[in-house]
Amino acid sequence: MQNQKNLKILVECAVMVALATVLSIFKIYEAPLGGSVTLFSMVPLIIIGLRHGPFWGLSTAFVYSFTHFLFDASKLSGWGVAGAKNMLLCIFLDYIIAFTVLGLTGFFKPLAIKTKSRGKKIIFTSIATLFVCILRYISHVVVGIIVWYAITKAGNWNEYVHTVGAWMYSIVYNLQYMLPESIITLVAAPAVVTVLSVINKQKET
Numbered sequence: 001m002q003n004q005k006n007l008k009i010l011v012e013c014a015v016m017v018a019l020a021t022v023l024s025i026f027k028i029y030e031a032p033l034g035g036s037v038t039l040f041s042m043v044p045l046i047i048i049g050l051r052h053g054p055f056w057g058l059s060t061a062f063v064y065s066f067t068h069f070l071f072d073a074s075k076l077s078g079w080g081v082a083g084a085k086n087m088l089l090c091i092f093l094d095y096i097i098a099f100t101v102l103g104l105t106g107f108f109k110p111l112a113i114k115t116k117s118r119g120k121k122i123i124f125t126s127i128a129t130l131f132v133c134i135l136r137y138i139s140h141v142v143v144g145i146i147v148w149y150a151i152t153k154a155g156n157w158n159e160y161v162h163t164v165g166a167w168m169y170s171i172v173y174n175l176q177y178m179l180p181e182s183i184i185t186l187v188a189a190p191a192v193v194t195v196l197s198v199i200n201k202q203k204e205t
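Numbering (my numbering), first residue to last: 1 to 205.
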């Protein structure tokens with residue numbers, strides 16, 4: 001019985017990875033040196049975390065991070081200038097860590113699922129979403145400071161990099177896509193609550 005349940009969850013996780021990948025293709029805005037605003041691509045991963053907890057949430061987000069990296073691999077030809085060490089840091093922080101943290105919504109499962117108040121469900125879901133969005137943003141900012149600032153400055157890839165330090169550059173650059181991406185994801189919170197409520201009702205019947 002437990003094996004059957006795990007198999008169902010595994011299939012659901014695979015479907016959500018596929019859905020998140022498809023949604024990530026629809027870019028509303030793409031920053032010139034990497035990073036984009038997508039059409040709710042983080043939502044499927046957030047749903048898995050809230051439905052099944054941190055283990056399945058983190059596992060699913062981890063798999064998605066690799067999938068997302070592979071889809072972006074065609075754009076990595078210019079990364080050679082970063083060197084092997086920096087390239088590994090970029091893969092680790094810009095992909096693996098940045099997207100795996102989305103599964104941390106799983107720790108909010110008891111709050112978002114068990115409370116009976118729809119208003120509270122939306123609040124807890126929004127807090128969980130904001131929390132993981134901030135963590136993802138921090139990961140991008142850190143790799144921007146450690147790696148991309150110096151490379152962008154040396155390559156004269158834009159003018160703004162010459163006017164500020166590494167911290168400010170990375171904070172502002174990553175904010176230009178992560179802020180709208182986070183807002184779009186937060187807007188979906190009521191829909192996420194509705195989806196979770198419908199699924200839970202189906203389980204009870």
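Think of the CB as a built atom: it goes at the ideal place given N, C-alpha and C, for glycine as much as any other residue.
Practice prompt. Count the other CB atoms, across all protein chains shown, that sit within 10 Å of the CB of Leu88; report buried if there are 16 or more and exposed otherwise.
Written response: So Leu88 counts as exposed.
Discussion item. Leu50 and Thr105 - do their beta-carbons sit closer together than 7 Å?
Written reply: Against a cut-off of 7 Å, the Cβ pair of Leu50 and Thr105 comes out as a contact.
Practice prompt. Check whether the Cβ of Gly144 sits closer than 6 Å to any heavy atom of the ligand FAD, and report yes or no.
Written response: Of the ligands one can find in the structure shown there are none, so the ligand FAD has no counterpart to examine.
Fill in: In chain order, each alpha helix (DSSP H) run of at least 4 residues that lies wholly inside the stretch 30 to 97
With a minimum length of 4 residues, the continuous alpha helix (DSSP H) runs that stay inside the stretch 30 to 97 are 43 to 52, 54 to 72, 83 to 90.
Worksheet item: Anyone know if the C-beta pair for Thr125 and Val43 falls short of 7 Å?
Response: Result no, Cβ atoms of Thr125 and Val43 do not sit closer than 7 Å.
Worksheet item: For Lys109, which three-state DSSP category applies?
Response: Lys109 carries a helical assignment under DSSP once its states are collapsed to helix, strand and coil.
Worksheet item: What are the uninterrupted segments assigned as beta strand (DSSP E) that are 3 or more residues long and contained completely in the stretch 142 to 174, given in chain order?
Response: Complete beta strand (DSSP E) runs here, min 3: none at all.
Worksheet item: Where does Lys116 fall in DSSP's three states?
Response: Lys116: coil per DSSP, three-state reduction.
Worksheet item: Does the stretch 123 to 142 come close enough to the stretch 183 to 191 that 3 or more CB-CB pairs lie under 8 Å?
Response: Touching, per the Cβ criterion.
Discussion item. Does Lys5 pass the burial test, meaning 16 or more other C-beta atoms within 10 Å, or should it be called exposed?
Written reply: Here Lys5 is exposed: its Cβ has fewer than 16 other Cβ atoms, across all protein chains shown, within 10 Å.
Worksheet entry | Same chain only: Cβ atoms within 7 Å of Gln176, ignoring 5 sequence neighbours per side | In the same chain as Gln176, and ignoring 5 residues on each side of it, the C-beta atoms closer than 7 Å to its own belong to Ala31, in chain order.
Practice prompt. Just the C-alpha distance for Gly155 and Val164, rounded to the nearest angstrom, thanks.
Written response: Roughly 16 Å separates the two Cα atoms.
Worksheet item: Who are the near neighbours of Val141 in its chain, counting only those whose CB is closer than 7 Å to its CB and skipping five residues on each side?
Response: So the list reads Ser170, Ile171, Asn174, once near-sequence residues are dropped.
Item to complete: Figure out for me which residue from Ile28, Ile113, Thr194 has the closest Cα to the Cα of His52.
Response: Shortest Cα-Cα distance from His52 to any of Ile28, Ile113, Thr194 involves Ile113.
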